[in-house]
Each structure stands twice: as C-alpha cells, then as structure tokens.
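Residue numbers (the numbering used here): 57 to 315. In this text, a Cβ means the ideal position worked out from N, Cα and C, and glycines have one as well. Only one structure is covered here, and it is reproduced in the block below.
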C-alpha cells in the first residue's frame with residue numbers, strides 16, 4: 057500500500073514531522089533493501105523519501121497542501137543540523153547524525169556502485185544536469201546512470217515524464233525540482249513508477265554535483281549555520297525567506313516535538 061511504513065526505522069516527531077532516527081548508512085541500507093524488493097516484485101510501489109529542514113518545517117505548518125504531500129512520504133530524514141541538535145538536547149531518542157542529501161548521495165552512490173543499482177537524475181536545467189551526470193560518472197565509474205532529463209516541465213506533463221523515466225528501468229530516481237513540485241511529482245506519480253525502489257527528493261543536488269554551487273565550510277554545517285552561508289551568498293534572494301522560515305521552524309521545534 058502506498059505510504060505504508062514497513063521499514064523498521066525508528067521515528068520521532070520533531071517540529072510536527074515524523075523524522076527517522078537514522079544515519080546516512082542506515083538510509084543507504086534501506087534504499088538497497090527497497091530496490092531489491094522492487095526488483096523481485098515483493099514491493100509494488102517505490103518508497104518516497106523526503107528531507108526535513110527549517111524550510112520544510114515551516115511549509116508543513118503554513119501550507120496545508122504541502123503538509124498533505126509530506127504525510128504521504130515513507131521516510132523523512134534530517135537534512136538540517138538544527139533537527140539533530142534539538143533531538144540530542146531533548147528526549148532520550150536522538151538522530152545519530154545529519155543526513156544532508158548532498159552528503160547522503162555519495163553514500164548511496166558508493167553502495168549502488170557495489171550492488172549494480174541504477175540511478176536516474178530528474179531536475180535542474182539541461183546544462184547542469186549533463187554536467188552532474190559527467191561529474192558523477194567520473195567519480196563513480198561503476199555507477200549505472202540509467203538516464204537524466206531537465207526539470208523544466210509543467211505539472212500536466214507529469215505522466216509523460218514519469219513514463220519517460222520508467223522506460224529506463226531505474227532503481228532510484230533523484231527528483232530535484234524544488235519544493236513543492238518535487239514532492240508533488242513523487243506523490244502523484246508513485247503508482248506510475250511501479251518497479252522503482254526509491255523516489256528521493258534532492259532539491260539543488262545536481263548543481264552541487266556539477267560544481268555550480270558550493271557547500272558551507274564544515275564548521276558551519278556542524279553548527280547548523282549552513283543557512284547563514286547561503287544567506288551570505290544570496291542575501292537578496294534568501295533574506296526574507298530565512299527571516300520568516302527560521303522563526304516558524306524554531307517555533308515548530310519548540311511546540312510540535314515529542315520529548
């Protein structure tokens with residue numbers, strides 16, 4: 057049944073979302089198991105994996121439509137360090153580590169290279185997508201990239217795009233269409249992508265893989281300040297969003313979390 061939780065991963069409600077208490081290696085192992093199940097036919101629909109950070113906490117609280125999409129996810133993992141820190145400071149069940157998608161991708165790619173799993177990249181513009189594919193093939197020569205395409209298509213083209221993706225027989229589809237389009241695609245096209253093991257949202261991952269976007273220094277990531285680095289890089293574009301979402305996200309953590 058789509059949306060059923062059958063993975064055995066522990067969860068804790070943080071900021072209003074059921075976040076898995078999983079390390080990146082645990083997520084990669086679950087990805088492998090689900091892909092094997094999909095290949096054998098014992099899992100009919102792909103597992104949907106979303107990430108949680110301040111932006112998603114805020115949208116979950118303020119946007120009912122987005123909240124419904126998040127409710128359809130099988131796995132929500134901690135992409136933001138504040139979630140990890142809060143879980144450690146409160147309650148007895150803590151998230152082992154931050155599983156930023158830009159880091160988790162490499163855990164997944166190494167495992168996929170060993171197991172022969174097939175990746176598909178969906179999102180970004182054509183040039184960035186091609187550069188990301190080239191960079192990943194250079195770094196992981198054994199990894200099978202079944203296909204890729206840009207993310208510039210309207211919602212009414214979802215079925216056609218899903219059919220295009222399904223034809224390449226991927227095990228994992230990385231969906232980088234931006235919120236909430238990427239979540240909407242995963243939820244609406246889940247049943248059309250039967251045979252796929254995972255649908256994993258990934259935001260701006262392809263830009264990072266292509267080298268077009270840089271990560272914050274390690275100390276800022278560990279301190280939960282990667283948002284500040286991004287703000288310094290783009291104060292006009294991200295200033296208002298962070299001012300609003302960070303306040304809402306902090307309120308959600310304080311008032312909508314299990315102790």
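From the listed residues 312, 172 and 108, the smallest Cα separation to residue 151 is found for 108.
Under the three-pair Cβ rule at 8 Å, the segment 76–92 does not count as touching the segment 114–129. Put simply, the backbone Cα of residue 233 is about 16 Å away from that of residue 266. For residue 168, the uninterrupted alpha helix (DSSP H) run begins and ends at 157–171, by DSSP.
When only Cα atoms are considered, residue 137 and residue 110 end up about 9 Å apart. In this chain, residue 224 is not harboured by any alpha helix (DSSP H), its DSSP state being neither H nor E. The beta-carbon distance between residue 115 and residue 235, rounded to whole angstroms, is 7 Å. This is short enough to meet the 8 Å contact definition. Burial is judged here by how many other beta carbons sit within 10 angstroms of a residue's own beta carbon; residue 301 has at least 16 and is buried. Counting only residues of its own chain and dropping the five nearest sequence neighbours on each side, residue 222 has a CB closer than 6 Å to the CB of 249.
Between the segment 170–188 and the segment 202–214 there are three or more C-beta pairs closer than 8 Å, enough to call the two in contact.
Counting C-beta atoms within 10 angstroms of its own C-beta, residue 275 has fewer than 16 neighbours from the protein chains shown and is therefore classed as exposed.
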